[in-house]
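Q: Residue numbers (the working numbering): 15 to 237. Using N, Cα and C, we set each Cβ at its ideal position, and we do this for glycine too. On a predicted model such as this, the values are computed, not experimentally measured, just so you know.
#1: So, for residue 109: in the same chain, excluding its five sequence neighbours on each side, which residues have a beta-carbon less than 8 Å away from its beta-carbon?
#2: Residues in its own chain within less than 7 Å of residue 46 by CB, not counting five upstream and five downstream?
#3: For residue 234 and residue 33, I'd like the C-alpha separation in whole angstroms.
#4: In or out: residue 101 buried (at least 16 other Cβ within 10 Å) or exposed?
#5: If contact is defined by three or more beta carbon pairs under 8 Å, each pair taking one atom from either stretch, is the region 137 to 144 in contact with the region 89 to 104?
#6: Just how far apart, CA to CA, sit residue 240 and residue 191?
#7: Given that a residue counts as buried once 16 or more other Cβ atoms are within 10 Å of its Cβ, and exposed if not, what is residue 203?
#8: What does a CB cutoff of less than 6 Å around residue 211 pick up in its chain, not counting 5 residues either side in sequence?
#9: Does the region 130 to 138 come close enough to the region 80 to 87 that 3 or more CB-CB pairs lie under 8 Å?
#10: Please report the distance separating the alpha-carbon of residue 199 from that of residue 74.
#11: If you drop the 5 nearest sequence neighbours on each side, which residues of the same chain put their C-beta closer than 6 Å to that of residue 194?
#12: Contact defined as beta carbons within less than 8 Å: I believe residue 121 pairs with residue 106. What is the distance between those atoms, to the nearest angstrom?
#13: Select from 70, 153, 138, 158 the residue whose C-alpha is nearest the C-alpha of residue 123.
#14: Where does residue 229 sit, in a helix, a strand or coil, going by DSSP?
#15: Which class does residue 150 belong to by DSSP, given the choice of helix, strand or coil?
#16: Taking only three categories from DSSP, how would you classify residue 135?
#17: By a C-beta neighbour count over all protein chains shown, 10 Å radius and 16 as the cutoff for buried, is residue 165 buried or exposed?
#18: Threshold first: 3 residues or longer. Then list the beta strand (DSSP E) segments lying entirely within the region 79 to 134, N to C.
#19: State the Cα-Cα distance for the pair residue 38 and residue 31, rounded to the nearest angstrom.
#20: Kindly indicate which residue of 127, 217, 162, 136 has the alpha-carbon position closest to the one of residue 176.
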């Protein structure tokens, strides 16, 4: 009975997949990664819809190097009612002429909810994947490298989400407007997942050395 329980435990399935070869093992890792990514997405979506309640009132403007990335005309659509509402909320000193933002700077109130929801959710994803997906004993600096990569990826994802929200604002379906942030978050999460799986598997994380492997090494040397 104990052997049967072990066989159907996560560790037992890991061992069975490894015995089937590297291809099956990678497929199993991908399946676990998808499950973790689903949890990451849930955390991200909850935070993306809750954090604006905290940060919408922040009117401090983005620094110069971020202003070039988060151009109001790229992330907002001034030709729509929804876009104008977002510009009024998230663009300091906004001036709109003929459906174009001619002046104004995006505020941290817009960026922080997207950025923090991504960062917090993906930090959880890193440690969960390290523990269960790849069984990694990667050193601490792999996490530091992960944070640097995530910041760059999150900035892109934040821009992408803002752009996608603007695209959705153009759709003349009343029911879809309240779902704009959720849809944008799901799309950004998919992009991150496609990028992060090979990055974590082949670059940032390595699997823990098993006790058997450690025992075989001295035996091989003795022979």
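A: In terms of the structure at hand:
#1: 115, 116, 117, 118
#2: 146, 147
#3: Any reading at residue 234 must be qualified, since the residue scores a pLDDT of 49, below 50, and its modelled position is unreliable; the value itself is stated next. Between residue 234 and residue 33, the C-alpha separation is close to 21 Å.
#4: Here residue 101 is buried, its C-beta having at least 16 other C-beta atoms within 10 Å.
#5: no
#6: No statement about residue 240 is possible, as the shown extent of the chain runs from 15 to 237 and does not include it.
#7: buried
#8: 47
#9: no
#10: 24 Å
#11: 179, 182
#12: 5 Å
#13: For the set 70, 153, 138, 158, the Cα lying nearest the Cα of residue 123 is the one of 70.
#14: The pLDDT assigned to residue 229 is 48, lower than 50, so where the model puts this residue is not dependable; a value taken from the coordinates is nonetheless given after this. DSSP places residue 229 within a helical segment (H, G or I) once states are collapsed to three.
#15: strand
#16: helix
#17: exposed
#18: Taking 3 residues as the minimum length, the beta strand (DSSP E) runs contained wholly in the region 79 to 134 are 105 to 111, 114 to 120, in order along the chain.
#19: 6 Å
#20: 127
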